[in-house]
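Our numbering applies: residue 468 is where the sequence shown begins, and numbers increase by one.
Okay, so here's the structure we're looking at.
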Amino acid sequence: MRLLLSKPTFYAALLLASNAWAARVCDEFYARLPNVKWALCESAQLQDTAGRSVQGRPIYTRDVAPAKARLRVLVIGGIHGDELSSASVALHWIALAQADPSQTHWRFIPALNPDGLFNKPARRVNANGVDLNRNFPTPNWDREALSYWEKRTRKDPRRWPGQKPLSEPESQFLHEEMKRFAPNLIVSIHAPYGVLDFDGPMAPPSRLGRLYLDQVGIFPGSLGNFAGVHKSTPVVTIELPSALLTPRDVEIARMWQDLRQWMGETLVASTPNPAEAPIRR
Ligand SMILES: [Zn+2]
Numbered sequence: 468m469r470l471l472l473s474k475p476t477f478y479a480a481l482l483l484a485s486n487a488w489a490a491r492v493c494d495e496f497y498a499r500l501p502n503v504k505w506a507l508c509e510s511a512q513l514q515d516t517a518g519r520s521v522q523g524r525p526i527y528t529r530d531v532a533p534a535k536a537r538l539r540v541l542v543i544g545g546i547h548g549d550e551l552s553s554a555s556v557a558l559h560w561i562a563l564a565q566a567d568p569s570q571t572h573w574r575f576i577p578a579l580n581p582d583g584l585f586n587k588p589a590r591r592v593n594a595n596g597v598d599l600n601r602n603f604p605t606p607n608w609d610r611e612a613l614s615y616w617e618k619r620t621r622k623d624p625r626r627w628p629g630q631k632p633l634s635e636p637e638s639q640f641l642h643e644e645m646k647r648f649a650p651n652l653i654v655s656i657h658a659p660y661g662v663l664d665f666d667g668p669m670a671p672p673s674r675l676g677r678l679y680l681d682q683v684g685i686f687p688g689s690l691g692n693f694a695g696v697h698k699s700t701p702v703v704t705i706e707l708p709s710a711l712l713t714p715r716d717v718e719i720a721r722m723w724q725d726l727r728q729w730m731g732e733t734l735v736a737s738t739p740n741p742a743e744a745p746i747r748r
């Protein structure tokens with residue numbers, strides 16, 4: 468039977484469906500993430516994408532942009548599924564960006580590894596057991612990633628880089644997003660080491676809130692190595708002090724403020740004609 472709806476009824480039905488869908492998404496995030504109220508998730512208005520995890524979960528994004536943006540910044544939480552606080556901070560930052568995007572087109576991916584995040588218990592790797600932050604195509608990946616895993620991590624199953632670079636749908640999605648969005652900066656949120664790391668061609672921020680710069684080195688296949696070292700797209704890697712507890716709201720806001728101050732002082736000056744490169748859809 469064909470169901471015919473008038474235009475207003477059709478749009479009302481669409482709105483109801485999208486509200487119901489948003490409710491389901493936020494039920495899941497609210498149940499799993501620390502310090503995320505249901506209303507905070509709802510106000511983030513996460514968007515579905517073509518991105519899917521190994522187990523078919525959607526990878527959500529949210530864009531916040533003023534009419535005219537000078538910079539494009541990609542913020543990623545939950546590359547490691549058991550670092551729950553990283554996804555929480557990304558959702559809090561969406562609210563802060565909505566209040567004042569400040570000449571920046573922000574694209575947020577709060578939970579890149581939803582299979583790891585929603586696994587019980589949550590786990591670092593994706594559903595194929597791959598550490599997504601070792602799965603990016605750094606030069607010499609074939610030679611270095613597996614031998615690093617075998618010798619330096621002693622085959623730690625939490626750090627398995629996969630069979631080949633970009634073998635996983637989640638890392639493929641992020642890799643494509645980087646090409647589509649062409650960010651001037653990537654901010655990758657992790658936990659629980661309580662430091663700030665940086666890879667890129669300009670002077671790093673010295674601190675974000677209570678986190679101080681401590682450049683710990685690079686790993687074969689990591690996002691910082693791939694984007695920051697080899698693609699010259701600066702990567703700020705935030706290591707929150709706890710994977711299960713978020714910083715207090717005032718600290719989340721201070722980190723955001725410090726990031727924006729560094730962007731204004733250093734990133735804008737080092738980014739020639741930042742608004743000119745078009746975004747590919
Ligand atoms: Zn991590």
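The beta-carbon is built from N, C-alpha and C at its ideal position, and this holds for glycine as well.
Keep in mind the model is a prediction, meaning the values are calculated, not measured.
The alpha helix (DSSP H) spanning Phe640 covers which residue range? Within the sequence shown, the letter at position 173 stands for residue 640. Looking at the DSSP string, the run of the alpha helix (DSSP H) that includes Phe640 is 636-648.
Suppose the cutoff is 7 Å on Cβ atoms and the five residues either side in sequence are ignored; what does the same chain contact list for Ser552 look like? Position 85 of the sequence shown, counted from the first residue, corresponds to residue 552. Hits under 7 Å: Pro501, Ala658, Leu707, Ser709, Ala710, Leu711, Leu712, Thr713.
For a test of the three-state rule: what should DSSP assign to Gln514, helix, strand or coil? Mapped onto the sequence shown, residue 514 falls at position 47. Strand.
Looking at the secondary structure, which residues open and close the alpha helix (DSSP H) in which Ile561 lies? For the purposes of this step, residue 561 is taken as residue 94 along the sequence shown, with counting starting at 1. Per DSSP, Ile561 is one residue of the alpha helix (DSSP H) stretching across 551-566.
From Ala517, Arg499, Ala511, pick the residue whose C-alpha is nearest to that of Leu641; which is it? Taking the sequence shown and counting its residues from 1, one reaches residue 641 at position 174. Here the closest residue by C-alpha is Ala517.
How long is the line joining the alpha carbons of Met468 and Ala562, rounded to whole angstroms? What you label residue 468 is simply residue 1 of the sequence shown in a count that begins at 1. What you label residue 562 is simply residue 95 of the sequence shown in a count that begins at 1. Note that Met468 has pLDDT 44, beneath the 50 cutoff, so the model's placement of it is unreliable and the number below is only indicative. Those two C-alpha atoms are separated by around 44 Å.
Excluding sequence positions up to five away, which residues of its chain have a Cβ less than 7 Å from the Cβ of Asn600? Working through the sequence shown from its first residue, we reach residue 600 at position 133. Only Ile546, His547, Ser689, Leu690 meet the Cβ criterion.
Mapping DSSP to helix, strand and coil, what is Pro581? The count along the sequence shown starts at 1 and reaches residue 581 at position 114. In this structure, Pro581 counts as helix in the three-state DSSP scheme.
For Val696, the three-state DSSP class (helix, strand or coil): Taking the sequence shown and counting its residues from 1, one reaches residue 696 at position 229. Helix.
Within 8 Å, do at least three Cβ pairs link the stretch 571-585 to the stretch 666-685? Proximity of the stretch 666-685 to the stretch 571-585 falls short of the contact definition, fewer than three beta-carbon pairs being nearer than 8 Å.
Would you identify the three-state DSSP class for Thr738, choosing helix, strand or coil? Here residue 738 refers to the residue found at position 271 of the sequence shown. Residue state, collapsed to three classes: coil.
Determine the DSSP secondary structure at Met468, reduced to helix, strand or coil. For the purposes of this step, residue 468 is taken as residue 1 along the sequence shown, with counting starting at 1. The predicted model places Met468 with a pLDDT of 44, which falls under 50 and marks its position as unreliable, so this point remains unresolved.
Cα-Cα separation between Glu643 and Asp725, rounded to whole angstroms: Mapped onto the sequence shown, residue 643 falls at position 176. Mapped onto the sequence shown, residue 725 falls at position 258. Their Cα atoms are separated by approximately 29 Å.
Quick check on the DSSP output: what are the complete beta strand (DSSP E) runs of length 3 or more inside the stretch 659-699, in order along the chain? At a cut-off of 3 residues, the continuous stretches assigned as beta strand (DSSP E) that sit fully inside the stretch 659-699 are 662-666.
Kindly examine ligand 1 and report whether one of its heavy atoms sits closer than 7 Å to the Cβ of Ile653. In the sequence shown, counting from the first residue as 1, residue 653 sits at position 186. No.
Under the criterion of a Cβ to heavy atom distance below 7 Å, does Ile546 qualify as lining ligand 1? To locate residue 546, count along the sequence shown from 1; it is residue 79. The answer is yes for Ile546.
With Ile719 as the anchor, note down where its alpha helix (DSSP H) starts and where it stops. The residue labelled residue 719 in the question sits at position 252 within the sequence shown. Counting along the chain, the alpha helix (DSSP H) containing Ile719 begins and ends at 716-729.
What's the gap between the Cα of Ser750 and the Cα of Ile656? In this structure the chain extends from 468 to 748, so residue 750 is not present and cannot be described.
Looking only at its own chain, which residues have a Cβ that is under 6 Å from the Cβ of Pro577, when we skip the five neighbours before and after it? Position 110 of the sequence shown, counting from 1, holds the residue named residue 577. Only Gly544, Ala554, Ala557, Leu558 meet the Cβ criterion.
Endpoints, beta strand (DSSP E) assigned at Asp530: For the purposes of this step, residue 530 is taken as residue 63 along the sequence shown, with counting starting at 1. Its beta strand (DSSP E) spans residues 529-531.
Tell me which residues share the same chain as Trp723 and place their Cβ nearer than 7 Å to its Cβ, disregarding the 5 neighbours each side in the sequence. As a first step, residue 723 must be located in the sequence shown, where it is residue number 256. Cβ neighbours of Trp723 beyond the five flanking positions: Trp560, Leu563.
Residue(s) in a DSSP beta bridge with Ile543: Counted from its first residue, the sequence shown places residue 543 at position 76. DSSP output for Ile543 lists Ile576, Ser655 as bridge partner(s).
Could you name the residues that DSSP lists as bridge partners for Val702? One-based indexing of the sequence shown puts residue 702 at position 235. Answer by DSSP bridge pairing, in chain order: Ile653, Asp666.
Between the CA atoms of Arg491 and Arg727 - distance to the nearest angstrom: Mapped onto the sequence shown, residue 727 falls at position 260. Mapped onto the sequence shown, residue 491 falls at position 24. Each residue's Cα considered, the two are about 32 Å apart.
How far does the alpha helix (DSSP H) with Trp616 in it extend, from its first residue to its last? Along the sequence shown, one-based indexing puts residue 616 at 149. Where Trp616 is concerned, the enclosing alpha helix (DSSP H) stretches over 608-618.
Residues near Arg748 in its chain [Cβ-Cβ closer than 8 Å; skip 5 each side]: Residue 748 sits at position 281 when you count from the first residue of the sequence shown. Reliability fails at Arg748, whose pLDDT of 49 lies under 50, so the model's placement of it is uncertain and the value that follows must be treated cautiously. Closer than 8 Å at Cβ, skipping near neighbours: Arg647.
Using a threshold of 8 Å, state whether the C-beta atoms of Asn593 and Asn580 are closer than that. The residue labelled residue 593 in the question sits at position 126 within the sequence shown. The residue labelled residue 580 in the question sits at position 113 within the sequence shown. Asn580 sits close to Asn593, with the two beta carbons spaced by under 8 Å.
Glu617: buried (16+ other C-beta within 10 angstroms of its C-beta) or exposed? As a first step, residue 617 must be located in the sequence shown, where it is residue number 150. The residue in question, Glu617, is exposed, as its Cβ has fewer than 16 Cβ neighbours within 10 Å.
Any heavy atom of ligand 1 closer than 7 Å to the beta-carbon of Asn586? The sequence position of residue 586 within the sequence shown is 119, counting from 1. Not under cutoff, so the answer is no.
In whole angstroms, give me the CA-to-CA distance for Val702 and Ala498. The count along the sequence shown starts at 1 and reaches residue 702 at position 235. The count along the sequence shown starts at 1 and reaches residue 498 at position 31. Between Val702 and Ala498, the C-alpha separation is close to 30 Å.
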